[in-house]
Amino acid sequence: MNHPHSLEGRVAIVTGAARGIGLAIADDFIKAGAKHVICADILKEELACISGPGLSTVELDVCEEKAWQALVEKTLAEHGVIDILANNAGILSFGLIEDIKPDDFRRLMDVNVTGTFLGMQAVIPHMKAAGKGVIVNTSSASAMMPSNFVSAYAASKFAVRGLSRAAALELGPHGVRVNTVHPGGVNTPMTNPGNAPQEDIDKGFGFVPMQRGCQPEEIARGVTYLASDASSYCNGTELVIDGGMTTGVYFPGLPGSPM
Ligand SMILES: NC(=O)c1ccc[n+]([C@@H]2O[C@H](COP(=O)([O-])OP(=O)(O)OC[C@H]3O[C@@H](n4cnc5c(N)ncnc54)[C@H](O)[C@@H]3O)[C@@H](O)[C@H]2O)c1
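For the sequence shown, position 145 matches number 145 in our numbering, and the numbering has no gaps at all.
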């Protein structure tokens, strides 16, 4: 296959793949030649709409340790290998620190951090034994430059960043690479539940150098790169795909600022 980031013959698990960025990752993996991609999510109805050569679906709550073990055992029984894990499932919450309910904070940490941890823990023994494998964890631009009203989310994505860097240290000597992707402002049901038109969304991105929001496919291509041999020396790499959102800040009114 003549793809710059070929995944020819690879077997992958993508979490949070019923919609949004995860679905775009699964599609892009197939476009890159992956042999089989397992789309894991909790959304039954959305999963039921996914079909195509090389794609299968599974109901998985990333917070459930036993469900992870079952998925890994089934995948190994059916395909003999797990080459790629994209830990993409996540939830978002808003609120001032003084107002966030502790149970909501715990739930966010459970999905975004514990879910990522459990996914890695489930595939590591197999990847270590195989002496190869790639894990791509979805963090966020919020883990580079947090903003007001998303403190719990930013904290969870900083944790994903830390977990991933430590994993890169532990697993690099075993031939397993661990990297993170840091999206910013992607048009998905998470950030645009009312499905507002892209041009309306873009109006809120005047502070971003690219002057627009992002499409899920633009994140997916970065994940495919990190999952492929094209990134063979990337380990502990933090790939920021945010149109420059976290590069710096504009001083409105000064030359060079679009605002
Ligand atoms: N959209 C953005 O602007 C943006 C920016 C930075 C980071 N991210 C991250 O990208 C990832 C994907 O987000 P998205 O924008 O596609 O959102 P989304 O809400 O459209 O998709 C997230 C998916 O994760 C699934 N999910 C949630 N909890 C789960 C659980 N316990 N077990 C299994 N699956 C679960 C959801 O059902 C959903 O299908 C998330 O980790 C998110 O935090 C998104």
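All C-beta atoms, glycine included, are put in the ideal place defined by N, C-alpha and C.
Boundaries (first-last residue) of the alpha helix (DSSP H) holding residue i
i: L163; result: S151 to L171
i: E218; result: P216 to A227
i: V81; result: Premise fails: V81 is in no alpha helix (DSSP H) and is neither H nor E.
i: D104; result: P102 to M109
i: L47; result: K44 to A48
i: E199; result: Q198 to D202
Contact set for residue i: own chain, Cβ-Cβ below 7 Å, skip 5 residues either direction
i: R161; result: S139, A143, T180 and E238
i: Y225; result: H5 and S231
i: H126; result: V72, L76 and I82
i: V58; result: I38, A40 and L71
i: S93; result: D104, L108, A152 and Y153
i: N192; result: I201
i: H290; result: With the chain covering only 1 through 259, there is no way to say anything about residue 290.
i: F277; result: In the structure as shown, the chain begins at 1 and stops at 259. Residue 277 is therefore absent and cannot be evaluated.
Any non-hydrogen atom of ligand 3 within 6 Å of residue i CB
i: A89; result: Ligands displayed in this structure: ligand 1; ligand 3 is not among them.
Backbone CA spacing between residue i and residue j [nearest angstrom]
i: P189; j: I21; result: 10 Å
i: P255; j: V240; result: 26 Å
i: G90; j: L60; result: 13 Å
i: I50; j: D104; result: 30 Å
i: G253; j: M259; result: 7 Å
i: G115; j: C63; result: 5 Å
i: V223; j: G16; result: 14 Å
i: N87; j: E45; result: 21 Å
i: V176; j: K128; result: 7 Å
i: A141; j: K203; result: 19 Å
i: S147; j: A155; result: 11 Å
Cβ neighbours of residue i in the same chain (closer than 6 Å, five flanking residues each side left out)
i: A130; result: none
i: F149; result: F94
i: A24; result: P216, E217 and A220
First and last residue of the uninterrupted beta strand (DSSP E) at residue i
i: D41; result: H36 to D41
i: A17; result: Element bounds for A17: n/a, residue is neither H nor E.
i: V290; result: The structure shown does not extend to residue 290, since the chain is modelled only from 1 to 259, so the question has no answer here.
i: T237; result: Careful: T237 lies outside any beta strand (DSSP E) and carries neither H nor E.
i: E59; result: L55 to E59
i: P255; result: No beta strand (DSSP E) contains P255, which DSSP labels as neither H nor E.
i: I97; result: Note, I97: premise wrong, no beta strand (DSSP E); not H, not E.
i: I91; result: Element bounds for I91: n/a, residue is neither H nor E.
i: V181; result: V176 to P183
i: N137; result: G133 to T138
Contact set for residue i: own chain, Cβ-Cβ below 8 Å, skip 5 residues either direction
i: R221; result: H5 and D28
i: L43; result: A18 and R19
i: L169; result: G236
i: V208; result: G184, G185, D242, G243, G244 and M245
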